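Contents: one structure, followed by commentary.
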Amino acid sequence: MKPLPDYVLQCLSVFFEAGVEAFLVGGCVRDLLLGRTPQDYDIASAAPPERVMELFDHVVPTGLRHGTVTVLLKEGAVEITQFRMDGEYKDHRRPDTVRPASTIVEDLSRRDFTINAMALGPKGLVDPFGGLADCRARIIRAVGDPSRRFSEDALRILRAYRFACQLAFTIEADTKAAAFPLFPLLAHISRERIYAELSKALSGSCPSRLTPFLKAGPLAFAGLPPLTRPYPDGLPAFLPVRIAALCFLCGCSAQSFCAAMRCDKATARESRAAEDFLLSPLPASSAGWRRALSAFTKEELERWLAAREILTGESSAMALQRLRKTADAQPPVHMRDLAITGEDLLALGYTGPAVGKILRGLLEAVWESPGLNQKSRLLELARQWGR
Ligand code: ATP
Ligand code: MG
3 MKPLPDYVLQ CLSVFFEAGV EAFLVGGCVR DLLLGRTPQD YDIASAAPPE
53 RVMELFDHVV PTGLRHGTVT VLLKEGAVEI TQFRMDGEYK DHRRPDTVRP
103 ASTIVEDLSR RDFTINAMAL GPKGLVDPFG GLADCRARII RAVGDPSRRF
153 SEDALRILRA YRFACQLAFT IEADTKAAAF PLFPLLAHIS RERIYAELSK
203 ALSGSCPSRL TPFLKAGPLA FAGLPPLTRP YPDGLPAFLP VRIAALCFLC
253 GCSAQSFCAA MRCDKATARE SRAAEDFLLS PLPASSAGWR RALSAFTKEE
303 LERWLAAREI LTGESSAMAL QRLRKTADAQ PPVHMRDLAI TGEDLLALGY
353 TGPAVGKILR GLLEAVWESP GLNQKSRLLE LARQWGR
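Just add 2 to wherever you are in the sequence shown, counting from 1, and you've got the numbering used here.
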C-alpha cells in the first residue's frame with residue numbers, strides 16, 4: 003500500500019489524541035489498496051462538525067447539512083464527514099433526510115459499492131462487505147440489494163460503469179442484471195451529475211466498458227442516441243477527443259451533447275473542434291497542414307489523427323508523416339509570423355478593413371508558399387493587389 007501523506011496522518015492523529023473515532027473512507031481506501039494514488043482523502047468521524055471545528059484551526063463548513071467540513075492544512079485539504087445514515091429516497095436521486103450514525107459500519111452500509119465501502123482506522127481495515135476481496139477479484143458489486151440501491155439513487159447505475167471504465171473492473175452479474183432494467187431511472191438525475199460520472203468513465207483506461215450501457219440508449223432523454231458500434235479503448239486520453247468520439251459513434255453533434263450536458267465552455271469548444279476534424283476530409287497538401295497549424299497545435303492534430311484512425315479504421319500514417327514534416331519545418335502559419343504588419347500596409351496607403359483583408363490574403367499565400375514570407379515580396383504582392 004502507498005504511504006499516506008504527512009498532512010493526512012497529521013489530521014488523523016488530531017482525532018486520535020482527542021479520543022474521537024476517525025477513519026479514512028471511500029475512494030482513497032480503495033485506491034490505496036489498489037496501489038493507485040488517491041485523488042483526495044476523505045475522513046469519516048464520530049464527531050459532529052462543530053467538534054471538528056474546535057479541533058482544527060482552519061476549517062471551512064463545506065457541507066454542514068450533510069455533516070461535512072473541510073480541514074485546511076499546509077500541504078492539503080481533507081474532507082471530514084460525521085458518520086451518517088441516509089433516510090428515505092423518494093425521487094431516485096437524493097435521500098430526503100440524512101442523520102448522524104453511531105458506527106463506521108452503519109456509515110459504510112450507505113455507500114454504493116463494496117470497493118467504496120471500506121474504512122481504514124487505527125486498528126486496520128474495516129471491511130464489512132468484502133471490498134478487499136472484490137478489489138482483488140476486480141469486481142464492482144453493490145452494497146446490499148442492487149435493485150434497491152439503484153432505485154434509491156439511479157446515478158449509482160452510471161457510477162458502476164464509471165468505476166468499471168476507470169479501474170478496468172467487471173460489474174458483478176447480479177449487480178449488472180439489476181441495473182439494466184432500471185436504466186430509465188437515470189432520467190431523474192441532473193445533467194450535471196450525469197456528466198460528472200460520464201466524463202470520468204470516458205476518461206478512464208477502459209471506456210469500452212461503457213458499450214453495453216450506451217448501446218441501450220439510457221441517455222436519449224439528454225439527446226444522446228444509442229451507440230451503434232462498440233466504444234473503443236486506446237483513444238488519446240483527452241476528454242474532448244473522447245466526447246467527439248462518443249458523438250461520432252452515436253450520430254449526434256458534439257455541440258448539442260455538450261449543451262445538453264452543460265459541460266464547461268473549454269471542453270465544449272475543444273470537443274467541437276475534434277469533431278470537425280473527424281468529419282472533414284484530411285488536408286491533402288502541406289499547405290493544407292499549414293492552414294490547420296494556424297488554428298491548432300501539432301499535438302492536437304496528432305491526437306485527432308490517432309482518434310480518426312481508430313474510429314474509421316483508415317491508416318493515418320501518411321497524414322501523420324506529412325503533418326510532422328510540415329510542423330517540424332516551423333513554417334510561418336500565424337498572422338504574427340508574417341514578415342510585414344498592418345503598419346506597413348498603412349504606409350502603402352491601405353486603410354480600414356482593407357488592411358485586415360490584405361493581411362489575410364498574404365497569410366493564405368504564405369501557407370501555399372512559405373518562401374514568400376519576405377518583407378519585399380509581401381509588399382510587392384500587396385502593391386499588385388492594390389492596383
Ligand atoms: P474518485 O476518486 O473518482 O473521487 P470516489 O470513490 O472518491 O472516486 P466520490 O464520488 O468522490 O467517488 O465519492 C466518495 C465516496 O462516497 C465513494 O467512494 C462512496 O463511498 C460514496 N458515494 C459517492 N456517491 C455515492 C452514491 N451516489 N451512493 C452511495 N455512495 C456514494
Ligand atoms: Mg472522491
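Backbone N, C-alpha and C fix where the C-beta goes; we use that ideal spot for every residue, glycine too. Treat the numbers as computed from the prediction; the structure is a model and nothing was measured.
{"Asked": "Could you please go through the chain and list the residues whose beta-carbon is closer than 7 Å to any non-hydrogen atom of the ligand NAD?", "Found": "Looking for the ligand NAD in the displayed structure turns up nothing; the ligands present are the ligand ATP and the ligand MG."}
{"Asked": "Measuring straight from C-alpha to C-alpha, what distance separates Tyr163 and Lys125?", "Found": "32 Å"}
{"Asked": "Alpha carbon to alpha carbon, what distance is there between Cys167 and Leu325?", "Found": "32 Å"}
{"Asked": "Could you give the DSSP three-state label for Glu81: helix, strand or coil?", "Found": "strand"}
{"Asked": "Using a Cβ-Cβ cutoff of less than 6 Å, which residues in the same chain neighbour Glu370 once the five nearest sequence positions on both sides are dropped?", "Found": "Ala289"}
{"Asked": "When DSSP labels each residue in this structure, what does Arg86 get in the three-state scheme?", "Found": "strand"}
{"Asked": "If you drop the 5 nearest sequence neighbours on each side, which residues of the same chain put their C-beta closer than 8 Å to that of Lys202?", "Found": "Arg164, Cys167, Gln168"}
{"Asked": "Taking its Cβ as the centre, do 16 or more other Cβ atoms sit within 10 Å of His94, making it buried, or is it exposed?", "Found": "buried"}
{"Asked": "Given that a residue counts as buried once 16 or more other Cβ atoms are within 10 Å of its Cβ, and exposed if not, what is Ile273?", "Found": "Looking at the sequence shown, residue 273 is not Ile but Ser. It counts as buried."}
{"Asked": "So is the beta-carbon of Lys202 under 7 Å away from any non-hydrogen atom of the ligand ATP?", "Found": "yes"}
{"Asked": "Please list the terminal residues of the continuous alpha helix (DSSP H) segment that includes Ile245.", "Found": "241 to 252"}
{"Asked": "For Asp44 versus Cys30, is the C-beta spacing smaller than 8 Å?", "Found": "yes"}
{"Asked": "How about the region 364 to 378 and the region 339 to 347: do they share at least three Cβ pairs that are nearer than 8 Å?", "Found": "yes"}
{"Asked": "If you draw a straight line from the C-alpha of Ile191 to the C-alpha of Asp114, how long is it?", "Found": "16 Å"}
{"Asked": "Out of Ser210, Ala331, Leu204, which one is the CA nearest neighbour of Phe240?", "Found": "Leu204"}
{"Asked": "Would you kindly work out how many angstroms separate the C-alpha atoms of Glu90 and Ser111, rounded to a whole number?", "Found": "14 Å"}
{"Asked": "Leaving out the 5 sequence neighbours to the left and right, which residues in its chain are closer than 7 Å to Leu237 when beta-carbon positions are compared?", "Found": "Val243, Arg244, Ala247, Ala309, Ile312"}
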